[in-house]
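Just so you know, the UniProt record's numbering puts 137 at position 137 of the sequence shown, and the rest follows in order with no gaps.
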Amino acid sequence: MRPLKLTLEGFVGVRDGMKRESVTLDLEALPDGLIALTGPNGAGKTTLMDNLHPYPIMPSRASKLSVDAFSYWDHICGTSALKELEWEHDGIRYRSSFTFRKPGKTGKAEYYLAYRDVDGTWRPVSLPDGTVSDGKAESYNRCVEAINGSLETFFTSVFSAQNRRPLASYGAG
Ligand SMILES: Nc1ncnc2c1ncn2[C@@H]1O[C@H](COP(=O)(O)OP(=O)(O)OP(=O)(O)O)[C@@H](O)[C@H]1O
Ligand SMILES: [Mg+2]
Numbered sequence: 001m002r003p004l005k006l007t008l009e010g011f012v013g014v015r016d017g018m019k020r021e022s023v024t025l026d027l028e029a030l031p032d033g034l035i036a037l038t039g040p041n042g043a044g045k046t047t048l049m050d051n052l053h054p055y056p057i058m059p060s061r062a063s064k065l066s067v068d069a070f071s072y073w074d075h076i077c078g079t080s081a082l083k084e085l086e087w088e089h090d091g092i093r094y095r096s097s098f099t100f101r102k103p104g105k106t107g108k109a110e111y112y113l114a115y116r117d118v119d120g121t122w123r124p125v126s127l128p129d130g131t132v133s134d135g136k137a138e139s140y141n142r143c144v145e146a147i148n149g150s151l152e153t154f155f156t157s158v159f160s161a162q163n164r165r166p167l168a169s170y171g172a173g
């Protein structure tokens, strides 16, 4: 999984850290090699890093590596928010879109995974078992895990969040 372009709208860490309502980070324009994200404490670095992957969790803010141990509603402000991430895996370009709306007391979240066809159109990801990314969290998670592996393995191996549990603290199992 290689992140290509991230947009966050209505996130607390972007508002407080960068004093703006939305931010777009274009990683494709960066040169090859090691890239550092720098800024003073509270500038919003972790808010960006925590979203540079397609799983519906901000790993440094979750109490454990599970979607049940995290709620986006604790990290967004206002009545609507958006996370959109374009990423690449095995030569295919994907787009994860999370939308959050909270006009009243209850909120509605939708999670879509699309891939870009050879003709340039975005189509919903579907799996051999018939699962189609239709906006529901469950279908989204199934599609993402079919492409990138389980959430727990991803955040224990290829992606390290701030304050991640050190590998040395894991048991053999
Ligand atoms: N859910 C939240 N509720 C309240 N404030 C938040 C929330 N998420 C982020 N913030 C605030 O937004 C700002 C940006 O946070 P973030 O953790 O992204 O900064 P950072 O650049 O990683 O800081 P550090 O260098 O300390 O790790 C901080 O002021 C933080 O307190
Ligand atoms: Mg941080």
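Even glycine gets a Cβ: it sits at the ideal position worked out from N, Cα and C.
Ala69 and Arg165 have their alpha carbons spaced roughly 15 Å apart. As DSSP reads the structure, Glu88 sits in a beta bridge with Arg2, Arg93. Asn41 has its CB nearer than 7 Å to a heavy atom of ligand 1. Judged by DSSP secondary structure, Leu113 falls within the beta strand (DSSP E) whose first and last residues are 108–116. Pro59 is a Cβ neighbour of Ala161, given a cutoff of 8 Å. Counting C-beta pairs with one atom in each stretch, the stretch 7–19 and the stretch 75–86 have three or more that are closer than 8 Å, which means they touch. One residue after another in chain order, those with a Cβ under 6 Å from a heavy atom of ligand 2 are Lys45, Thr46, Gln162.
Straight through space, the alpha carbons of Tyr72 and Pro103 are spaced by roughly 16 Å.
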